[in-house]
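Single-structure report; data block below.
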Amino acid sequence: MRPVRVRMAPSPTGFTHVGNLRTAVFNWLWARKSGGVFIWRVEDTDRSRFIEAALHDFRDSLVWLGIEPDEGPFSGGDFGPYVQSERLDKYREAAERLLASGDAYRCFCPPREDGAGAADPTSGGEGGSTGHGGYDRRCRDLAPEVVTERLAQGAPFTIRLRMPLEGSLTLQDAIHGQLEWHAENFNDPIIMKSDGFPTYHLAVCVDDAAMEISHAIRADEWMGSSPYHIVINRALGIEPPTYVHVPMVLNPDGRGKLSKRKTVKYGVAASDDSSSPVGHGVAMVQAREFRAAGYLPEVMFNYLALLGWSYSGDEELFTPEQAIARFQLEDIHKSGARWDPEKLDWMNGHYIRALAVDDLAERIRPFLADAGFTPEDDAVLAGIAGLVRERITTLSEAPGWVEWLWREVEPTATDLVQPKLGVQGSAAGIAAAADGLAALEPWTAESIETVLRSLADSLGVKAGPLFGPIRVAVTGGGVAPPLFDSLALLDQAVVVARLRAAHALLADTEGLETVDGA
RNA sequence: GCCCCCAUCGUCUAGGGGACUAGGACGCCACCCUUUCAAGGUGGAAACCGGGGUUCGAAUCCCCGUGGGGGCACCA
């Protein structure tokens, strides 16, 4: 039983995708579960796609989620360097060995014309232009003299893996059990590019061996390239890691793997419901987007872990520690899981509601600052947290609920009038509230409530209809947090001034009387 | 097109031959609570892809269909 060492090996070509983060979570869980080591390796063998910022973004994402690597480009370790572009000598040496043993051969063919992503993206229809990867193995059996001659001429070449032509290859996957491929379907993949850089197949095998990786936990999309890895490992005398192909994270509609483009329309659709003062549900697939939107890291961890794994039959909210306690590789599912923005939102709201007010206050602080508000005292911040806690699903929604604290309000006459009271009644209520609150002392939610409730009694109206106009007068809109606590958070003078202004507005609006009947 | 993988409510899932009148969660619907909005409470609708087997007995095992996903680059 070799010690558990697992790795997350993303290529730094863009901002961290939550699908990748999910795979990282599984790796981390297994490392922690087994007392093993969680490693981050940078797969940057494609120089053309390298993006420096992606490195930092990935690091930040792991830190944010609380699954920091034990070894990696920023944390070091005894198996470095952890960046593939700094390990080229190792791949070259491996390639030489494969060449020498006949397990690989030089190929002088030019790059495919129809190349890569060059395929016309608009031709999306059927039976496409692209071929089906059939390299004809033209160089597989070149005479030694020919190879020597080409090399002497300085002809560029790649190195291809010599795959078996018959028989089959099998692999014991930790989740899927035995996997099998038949030789007639193989290709001879390039393992060394003409620029001297290895392709994924070679690099991953060499590095996993050098870093003594025990379990290669990777997404299902890699399953198909496993036979290449089997052959490379065998030829190099490597004891292969246990392969663990985890299910992919799919788009909400199940069509394809989770992607930005596809998700857009769901995000937009989800935000159509604008009953909340703050819109949300923008298309998101990047970790930093979720962070910016105000999803809690503990929620992301919890939600991500649930995609393709389940904690138990009837519990699905858990801490990392609890997840570690129950995690087993065999329990990871075989089929893909769709990304469900609604469930994520629910979970985020649920966790927020469970937060202590002071904790929530600190988490909201930066979002308020972004909206232009920096509470002068922590009591106000805590007050805000208390008001929004049961109303927000993401932290970024918080400012929208309490903007009236630092912005001028401009209620409309229409909004100020409560149908049951009419213009006169509404105006009278507002005026009475202003009078009643002007000299109130102390200025607390409790004292405000006492005043306003008795006001309703003395005016002979129900509390509900009376509070409506007052809320609109002070917060500017019909939807706001509970009245008394809201008023208490504002300066007493500001509240009274807003009530007076609203009263004046209604007093000027005789014409509105006609609205009453309706 | 070829290869590989997968298949329980709309979604995430529990289930690994009898404990299943198939459980939980999100979402949805209704009602309650209520000063708006929420939150909360109660109740409800909602699934074993189809067809063959194996077995006394199948959501659970096998086969075939069908459906879905992934792969087939000098990208990873």
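Quick note, this note's numbering runs 13 ahead of the 1-based positions in the first sequence. Yeah, the Cβ is synthetic: ideal placement off N, Cα and C, and Gly gets one too.
Q. Buried or exposed: which applies to Gln97, given that a residue is buried once 16 or more other Cβ atoms fall within 10 Å of its Cβ?
A. Residue numbering aside, residue 97 sits at position 84 when the first sequence is read from its first letter. By the neighbour-count definition (other C-beta atoms within 10 Å, threshold 16), Gln97 is a buried residue.
Q. Where does His195 fall in DSSP's three states?
A. The residue given as residue 195 occupies position 182 in the first sequence. His195 falls in the strand class under three-state DSSP.
Q. So is Ala398 buried or exposed if we call it buried at 16+ other beta carbons inside 10 Å?
A. Looking up residue 398 in the first sequence gives position 385. Classification of Ala398: buried, given that the 10 Å Cβ count is 16 or more.
Q. Would Val539 be called buried (16 or more neighbouring beta carbons within 10 Å of its own) or exposed?
A. No information on residue 539 is available, as it lies outside the stretch 14 to 531 that the chain covers here.
Q. Should Gln341 go down as buried or exposed, given a rule of 16 or more other Cβ atoms within 10 Å for buried?
A. For the purposes of this step, residue 341 is taken as residue 328 along the first sequence, with counting starting at 1. It is exposed - the Cβ of Gln341 has fewer than 16 other Cβ atoms within 10 Å.
**Q.** Buried versus exposed, by CB contacts within 10 Å (16 or more), Gln299
**A.** Here the question's residue 299 lines up with position 286 in the first sequence. Burial call: buried.
Q: Would you decide whether Gln191 is buried or exposed? Buried here means 16 or more other CB atoms lie within 10 Å of its CB.
A: Taking the first sequence and counting its residues from 1, the one referred to as residue 191 is at position 178. Exposed is the call here.
Q: Would you tell me roughly how many angstroms separate the C-alpha atoms of Asp390 and Leu368, rounded to the nearest one?
A: Taking the first sequence and counting its residues from 1, one reaches residue 390 at position 377. Taking the first sequence and counting its residues from 1, one reaches residue 368 at position 355. The straight-line gap from Cα to Cα measures roughly 20 angstroms.
Q: Return the first residue and the last residue of the alpha helix (DSSP H) that Val370 is part of.
A: Numbered from 1 along the first sequence, position 357 holds the residue referred to as residue 370. Its alpha helix (DSSP H) spans residues 370-383.
Q: Output the distance between the C-alpha atoms of Glu355 and Pro333, rounded to the nearest integer angstrom.
A: Along the first sequence, one-based indexing puts residue 355 at 342. Along the first sequence, one-based indexing puts residue 333 at 320. Rounded to whole angstroms, the gap between the alpha carbons of Glu355 and Pro333 is 22 angstroms.
Q: Put Thr171 into one of helix, strand or coil per three-state DSSP.
A: Counting from one through the first sequence, the residue named residue 171 turns up at place 158. Correct three-state label for Thr171: strand.
Q.
Report the CB separation of Asp70 from Thr29 in whole angstroms; it is logged as a contact under 8 angstroms.
A. Within the first sequence, numbered from 1, the residue matching residue 70 stands at position 57. Within the first sequence, numbered from 1, the residue matching residue 29 stands at position 16. Indeed they touch by this definition, with Cβ atoms about 5 angstroms apart.
Q.
Measuring straight from C-alpha to C-alpha, what distance separates Phe303 and Asp358?
A. For the purposes of this step, residue 303 is taken as residue 290 along the first sequence, with counting starting at 1. For the purposes of this step, residue 358 is taken as residue 345 along the first sequence, with counting starting at 1. Between Phe303 and Asp358, the C-alpha separation is close to 11 angstroms.
**Q.** Same chain, Cβ closer than 6 angstroms to Phe480, five either side skipped, listed in chain order
**A.** Numbered from its first residue, the first sequence carries residue 480 at position 467. Contacts found: Leu496.
Q) What residue from Thr171, Asp149, Glu56 has the CA that sits closest to Glu109's CA? A) In the first sequence, counting from the first residue as 1, residue 109 sits at position 96. Nearest of Thr171, Asp149, Glu56 to Glu109, Cα basis: Thr171.
Q) Measuring CA to CA, which of Thr457, Leu450, Gly473, Ser460 is closest to Ile11? A) Residue 11 lies beyond the stretch modelled for the chain, which goes from 14 to 531, so this question has no answer here.
**Q.** Inter-stretch contact at 8 angstroms, needing at least 3 Cβ pairs: the region 225-235 / the region 104-121
**A.** no
**Q.** Three-way DSSP call (helix, strand, coil) for Asp233 in this model
**A.** As a first step, residue 233 is located in the first sequence; it is residue number 220 there, counting from the start. It is helical.
Q. Helix, strand or coil: which one does DSSP assign to Arg45?
A. On the first sequence, position 32 is the one that residue 45 refers to. In this structure, Arg45 counts as helix in the three-state DSSP scheme.
Q: Report the rounded CA-to-CA distance for Leu435 versus Ala441, giving the unit in angstroms.
A: Along the first sequence, one-based indexing puts residue 435 at 422. Along the first sequence, one-based indexing puts residue 441 at 428. Checking the sequence shown, residue 435 turns out to be Gly, not Leu. Approximately 10 angstroms, taken between the alpha carbons.
Q) Of the residues Lys46, Asn315, Gly307, Ile345, which one's Cα is nearest the Cα of Leu381? A) Within the first sequence, residue 381 is the residue found at index 368, counting from 1. Just measuring C-alpha positions, the residue of Lys46, Asn315, Gly307, Ile345 sitting nearest Leu381 is Gly307.
Q) Buried or exposed: which applies to Gly144, given that a residue is buried once 16 or more other Cβ atoms fall within 10 Å of its Cβ? A) Along the first sequence, read from residue 1 onward, the residue named residue 144 stands at position 131. The pLDDT assigned to Gly144 is 43, lower than 50, so where the model puts this residue is not dependable, and the model offers no usable value.
Q: Determine the burial state of Ala517: buried for a count of at least 16 other Cβ atoms within 10 Å of its Cβ, exposed for fewer.
A: Position 504 of the first sequence, counted from the first residue, corresponds to residue 517. Exposed.
Q. Can you give the Cα-Cα distance for Leu174 and Asn264, rounded to whole angstroms?
A. Mapped onto the first sequence, residue 174 falls at position 161. Mapped onto the first sequence, residue 264 falls at position 251. Leu174 and Asn264: Cα-Cα distance of roughly 35 angstroms.
Q.
Suppose you measure from the CA of Phe92 to the CA of Met14; what does that come to, to the nearest Å?
A. Numbered from 1 along the first sequence, position 79 holds the residue referred to as residue 92. Numbered from 1 along the first sequence, position 1 holds the residue referred to as residue 14. Those two C-alpha atoms are separated by around 20 angstroms.
Q: In the DSSP assignment, find the beta strand (DSSP E) that holds Phe71 and state where it starts and stops.
A: Within the first sequence, numbered from 1, the residue matching residue 71 stands at position 58. Phe71 -> not in any beta strand (DSSP E); alpha helix (DSSP H) instead, spanning 65-78.
(Q) Taking 8 angstroms as the limit between beta carbons, can you name the residues of its chain near Asp371, skipping five residues before and five after? (A) Your numbering for residue 371 matches position 358 in the first sequence. Listed in chain order, the non-local C-beta contacts of Asp371 below 8 angstroms within the same chain comprise Ala395, Ala398, local neighbours out to five positions each way being set aside.
**Q.** Collapsed DSSP secondary structure at Ser207 in the structure displayed
**A.** As a working note, residue 207 is residue 194 in the first sequence. Three-state DSSP puts Ser207 in coil, outside helix and strand.
Q: For Glu84, write down the residues that DSSP places opposite it in a beta bridge.
A: Position 71 of the first sequence, counted from the start, is the residue given in the question as residue 84. Glu84 is bridged to Ile52.
(Q) Using CA atoms only, rank isn't needed, just tell me which of Arg268, Cys218, Asp154 is closest to Ala248. (A) The residue you call residue 248 lines up with position 235 of the first sequence. Checking every option, the nearest Cα to that of Ala248 belongs to Cys218.
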